[in-house]
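As given, the protein sequences belong to chains A and B, one line each in that order.
Quick note: the first sequence uses this note's numbering, first residue -10, plus one each step.
Quick note: the second sequence uses this note's numbering, first residue 62, plus one each step.
In what follows, a single structure is set out as structure tokens and then discussed.
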Amino acid sequence: MAGIKSYGAYIPWHRIDRNVIYSAMGWLDPTTYTLGEKSVANYDEDAVTMAVAACINCLNGIDRSVIDGVYFSSLSLPYKQRLNASIIATALDLRTDIRTADFSASTKAGTTALLAACEAIKAGTARNILVCTADCLIGKPGSPQEEEYGDGAAAFLIGKGNVIASFQNFYSVSYDFMDAWMINTDKYNRLGESRWIREEGYSKFIPEAISGLMNKCHLAPQDIAKASYPCIFPKPHINIGKIIGFSPEQIQDHYFGTFGNTGTAYPLILLVASLENAKPNDKIIVASFGSGSDALAFQVTDEITNISINNKNINNFIANKEMLTNYNKFVTFRNTITVEKGIRGETVPWQQTAMAWRNRKELLGLIGTKCKECGTPQYPRQRVCVNPNCRAIDQMEDYRFSDKKGYLFTYTADSLVFTVNPPQIYGLVNFEGGGRYWYDLTDCKADDIKVNMPVEMTFRKKFTDANRSIYGYCWKAIPVRT
Amino acid sequence: MSGIKDKVAIIGMGCTKFGEHWNKGTEDLMVDAFLDAIGDAGIEPKDIQAAWLATQYTEITIGAGGIPLSQTLKMPYVPVTHVENKCASGSEALRAACYAVASGAYDIALALGVEKLKDIGYGGLPDFSLGNQGKRDRLIQPNLSAPGLFAMLANGYFNKYGLSPEEGKIMLAKISAKSHHNGAMNEKAHLRREVDIETIMKAPIVAWPLGLYDCCGVSDGAAAAIVTRADMAKSFRPDPIYVKAIQVAAGTGEELMYNDYDFSYVETTRRASRAAYEEAGIKNPREEISMAEVHDCFSITEAVTMEDLQFSPVGKVKEDIDAGRFNLDGEQPIQTDGGLKCFGHPIGASGLRMMYEEYKQLQGKCGSRQIKNPKLGLTHNLGGFPPQCVISVAIVGN
């Protein structure tokens, strides 16, 4: 029986009250006024890093060697060429004899990737596929999208046996509907008229897909425990449920005023939320919107009570947040405005491709070595053991630090090096189980950092080399917030 | 392993004014230091049989190879070797020249260090992204700077010995105030202004707890030494200075990757100084070393170095600082020329600049900064970061 074996979401630490954006830019178009908060990726996050974070939450202790593929979906793929799913697979230290693919070009791509994974598992051509989705969509200053879009990610491990929710069926509709579009050279997307999107697209495609799915499965609206679909417009969101025949409690909270429209990831973050509150035998539906709609039906199993709960659930993300009170910082994080970096800030490490390839496990995967003679974990990778009482040569095996917790041994807040979020905080991390090295800290403020505080590792963007079109990735430490 | 104690003598030294030499290039600084040194030794350029050139930021300062020196000074077809060992580069050039004459391979050798840091176009040291750390390491390491890394040393020291940030910062401020006092008297120093404790304490923070006055000057400059065999030295001058020890130690990185190193000391300094004391036959450094120029890239480095060199008991440097032990009129003056703090830190030149001061002090030529009857002077460089560094320690005497 194919289905979801595990799930995880990720919402970035930073939020902004939409009123902060409106106060800065609302003079341009007063009709952009939108209520609530939205999530904002840190300056060192993008769709790939957020997807990795969601995958780590999803994989929480699961043996990664069983994964036969990674399907990544996003409208904000950092790389147009260079498979983003392969960056994610390397960061997660997955096997290399796997299939990887990026799904894009529509906010429907997330459900399409989920469907593709479910069908591959059902067909028996793969044992387990990791489906992840993330978006970090940037609205043009003064546009409604600038207030609407939030950042976030979700991940699901799709496989057979011991599933927490079995895949039941699907129904897809495809339309060339220009609610939003971009061409190759665009930095921002464009929207059609909102009334037309609402009446002709949003309020029609989702009901068509969900009703089609229920017909196909011989289900009535009252059979459904929870239906998740994105909120593009708050009032029509509830009307869609009414059109289909759902009562309000059957509709998953849309978090539009909490995280915002997280694009491709949106319906799947909502699916995570509905799974977090699901009971055995619940029938749940997820549907997307964008160039049509996919609707997928799952039936929750008894296994839902056995899943090892990751503390990083949606409520945890809601509780742990840092408000951005400055619009300029928000647009600086997204590189919407170009700030002065000085010569020092313009200087970036030269990531030569052969060197990056050779050291990919170390750089992207945070894979160090562990001495087979004395058992000492060490990072960066060594051939001669760093333990002065051992010094064995070439007795190393791979050792993954990315999933190890540690504590902060010492740190500093540096005002000299350039960062768009000064001061730069970094410190020495001692890992549980051994090993120590220094790392940048992120998602924290200097005043909140304490010696000995527990930290964990997070995959982040290290630099942008604009001259060579390279995003450098690395691992940083963040305070444990569960 | 007998070392080179009393086998080599310094017979001439030169040093430019350190500072922001907007109108002097690397070549000008090399010529100035060289002329100063050969004038002091009373020799001609043609007398130099071999030379070592030191820079750290080679690609900014001068370019690779020995040619920048041989071509600038027109030293025809003698061996010139470019050495780089981070902030110990100048001392490394001196070590090479000393070994060259100690071995008997040459009679007269030159060590010259130079750096033109103010050509980078911004304050502080060049960003480490420029390749100084190695491309792979730079991708692995944090977005770090020197002040931040040494700030961790300060936090580690304060934490271990129970100093409040206020107490710790006052201790460091006294170190900087002392160096400003000495530097103000030195016409070749970069920063020549007395600064009081209050000003130091109130300065903007660069990397907590280090403020502006906890950081040394970033400067342009050059310094040079001419060495010969000890038995020949008196034929050049009546007051040559003899090399008692010159040692370099490079760390394994185990402080950073393995052990419980707590950022309250620098293990490599302890190792290098022990080797130097053994070479020089020194049993009690606190009593026997008259004065020292140590690598005060940051005030905390000087504090920790006092303990690592065994000038102060471990954990007790504050008592010695409070007692004025390291002041110009104290029992063991440190940074009599202003140190890196005020003389400035053109990296490749710094080790030789330190030796220039010890040499002049031992010859009694330091005017208002002259200390009484110095017997042994010590220089110390720290290249890199406290848990991952190369250290030089040299000891000279009459």
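Think of the CB as a built atom: it goes at the ideal place given N, C-alpha and C, for glycine as much as any other residue.
*Spatial neighbours of residue 413/A within its chain, please: CB distance less than 6 Å, with the 5 preceding and 5 following residues excluded, ordered by chain position.*
Excluding positions up to five away in sequence, the list reads 403 and 406.
*Length of the line joining the Cα atoms of residue 85/B and residue 230/B*: Approximately 36 Å between the Cα atoms of the pair.
*Interfacial residues, the region 343 to 364 of chain A to chain B, with Cβ spacing under 8 Å*: Taking 8 Å as the Cβ-Cβ cut-off against chain B, the residues of the region 343 to 364 of chain A that qualify are 344, 345, 348, 351 and 352.
*Thinking C-alpha only, which one of 350/A, 243/A and 160/A is nearest residue 196/A?*
The candidate whose alpha carbon is nearest that of residue 196/A is 160/A.
*Cβ atoms of residue 223/A and residue 472/A: under 8 Å apart, would you say?*
With chain A covering -10 to 471 only, the question about residue 472/A has no answer from this structure.
*Which residue spans inside the region 164 to 231 of chain B form an unbroken beta strand (DSSP E) run of at least 3?*
The region 164 to 231 of chain B contains these whole beta strand (DSSP E) runs: 169 to 177.
*residue 472/A versus chain B: which residues are under 7 Å apart at the beta carbon?*
Given a span of -10 to 471 for chain A in the structure shown, any question on residue 472/A remains unanswerable.
_Contact set for residue 194/A: own chain, Cβ-Cβ below 8 Å, skip 5 residues either direction_ = Only 162, 164, 166, 278, 281 and 282 meet the Cβ criterion.
*Is the Cβ-Cβ distance between residue 395/A and residue 362/A less than 8 Å?*
Not in contact: residue 395/A and residue 362/A (Cβ atoms no closer than 8 Å).
*If you count every other CB in all the chains shown that lies within 10 Å of the CB of residue 70/A, and 16 or more means buried, which is it?*
The residue in question, residue 70/A, is exposed, as its Cβ has fewer than 16 Cβ neighbours within 10 Å.
*Out of 260/A, 78/A, 318/A and 235/A, which has the shortest C-alpha to C-alpha gap to residue 13/A?*
Taking only the C-alpha atoms, the option nearest residue 13/A is 318/A.
_Proximal residues of chain A, C-beta to C-beta of residue 196/B below 8 Å_ = Contact note: residue 196/B reaches chain A through 338, 339, 340, 341 and 344, using a C-beta cutoff of 8 Å and chain order.
*Could you confirm whether any beta carbon from chain B is found closer than 8 Å to the beta carbon of residue 405/A?*
Chain B, which has a Cβ nearer than 8 Å to the Cβ of residue 405/A, makes this yes.
_Residue-chain proximity (residue 212/B, chain A), Cβ-Cβ < 8 Å_ = Yes, residue 212/B lies at the interface with chain A (some Cβ there is under 8 Å from its Cβ).
*Mind checking whether residue 119/A and residue 252/A have CB atoms under 8 Å apart?*
No, they are not a contact pair.
*Taking the runs of the alpha helix (DSSP H) that are 4 residues or longer, which of them lie wholly in the region 181 to 249 of chain A?*
Segments of the alpha helix (DSSP H) lying fully in the region 181 to 249 of chain A: 192 to 206 and 223 to 233.
*According to the Cβ coordinates, are residue 390/A and residue 417/A closer than 8 Å?*
By the CB criterion at 8 Å, residue 390/A and residue 417/A fall outside the cutoff.
*For residue 376/A, return the contacting residues in chain B, with the cut-off set at a CB-CB distance below 7 Å.*
Neighbours of residue 376/A on chain B, chain order: 319.
_Counting beta carbon pairs with one atom in the region 4 to 12 of chain A and one in the region 101 to 112 of chain A, are three or more of them shorter than 8 Å?_
The region 101 to 112 of chain A is not in contact with the region 4 to 12 of chain A.
*What in chain B is Cβ-close to residue 402/A, meaning under 7 Å?*
Counting only Cβ-Cβ distances below 7 Å, residue 402/A has contacts in chain B at 268 and 269, in chain order.
*Measure the CB-CB distance between residue 156/A and residue -9/A and report whether it falls below 8 Å.*
Cβ atoms of residue 156/A and residue -9/A: closer than 8 Å.
*Within 10 angstroms of the Cβ of residue 22/A, are there 16 or more other Cβ atoms? Answer buried if so, exposed if not.*
The residue in question, residue 22/A, is exposed, as its Cβ has fewer than 16 Cβ neighbours within 10 Å.
_If you follow the alpha helix (DSSP H) that residue 137/A is in, where does it begin and where does it stop?_
Here the alpha helix (DSSP H) through residue 137/A covers 133 to 137.
*Starting from the beta carbon of residue 188/B, find every residue of chain A whose beta carbon is closer than 7 Å, and list them in chain order.*
Chain A residues near residue 188/B: 333 and 336.
*Where the alpha helix (DSSP H) through residue 306/A begins and ends*: Per DSSP, residue 306/A belongs to the alpha helix (DSSP H) from 303 to 308.
*Could you have a look at residue 347/A and say whether DSSP puts it in helix, strand or coil?*
In the structure shown, residue 347/A adopts helical secondary structure according to DSSP, grouped into three states.
*Below 8 Å between beta carbons: does that hold for residue 322/B and residue 203/B?*
No, Cβ-Cβ distance for residue 322/B and residue 203/B is not below 8 Å.
*Same chain, Cβ closer than 7 Å to residue 110/B, five either side skipped, listed in chain order*: Answer for residue 110/B: 139, 167, 168, 169 and 170, listed in chain order.
*Residues bridged to residue 6/A [DSSP beta-bridge criterion]*: For residue 6/A, which the question treats as bridged, DSSP gives the partners 26/A.
*asked:* What ranges does the beta strand (DSSP E) occupy inside the region 421 to 463 of chain A, keeping only unbroken runs of at least 3 residues that lie completely in it?
replied: If only complete runs of 3 or more residues are kept, the region 421 to 463 of chain A shows the beta strand (DSSP E) at 425 to 429 and 443 to 454, in order along the chain.
*Please list, in chain order, all residues of the same chain as residue 321/A whose beta carbon is under 6 Å from its beta carbon, the five residues on each side excluded.*
Shown here for residue 321/A: same chain residues with a beta carbon closer than 6 Å to its own, the five before and five after excluded, namely 328 and 409 in chain order.
*Enumerate in chain order the residues of its own chain whose CB-to-CB distance from residue 154/A is below 6 Å, with the five nearest sequence positions on each side excluded.*
Cβ contact annotation for residue 154/A (same chain, cutoff 6 Å, sequence separation greater than five): -8, -7, 287 and 289, in chain order.
*asked:* Run through chain A and tell me which residues come within less than 8 Å of residue 183/B, C-beta to C-beta.
replied: Within 8 Å Cβ-Cβ: 331, 332 and 333.
*Using the rule of at least 16 other Cβ atoms within 10 Å of the residue's Cβ for burial, across every protein chain shown, is residue 62/A buried or exposed?*
With 16 or more other Cβ atoms within 10 Å, it is buried.
*For residue 40/A, which of helix, strand or coil comes out of DSSP?*
DSSP, reduced to helix, strand and coil, places residue 40/A within a helical segment of the structure shown.
*Can you name the residues of chain A whose CB is closer than 8 Å to the CB of residue 313/B?*
375 and 377, listed in chain order.
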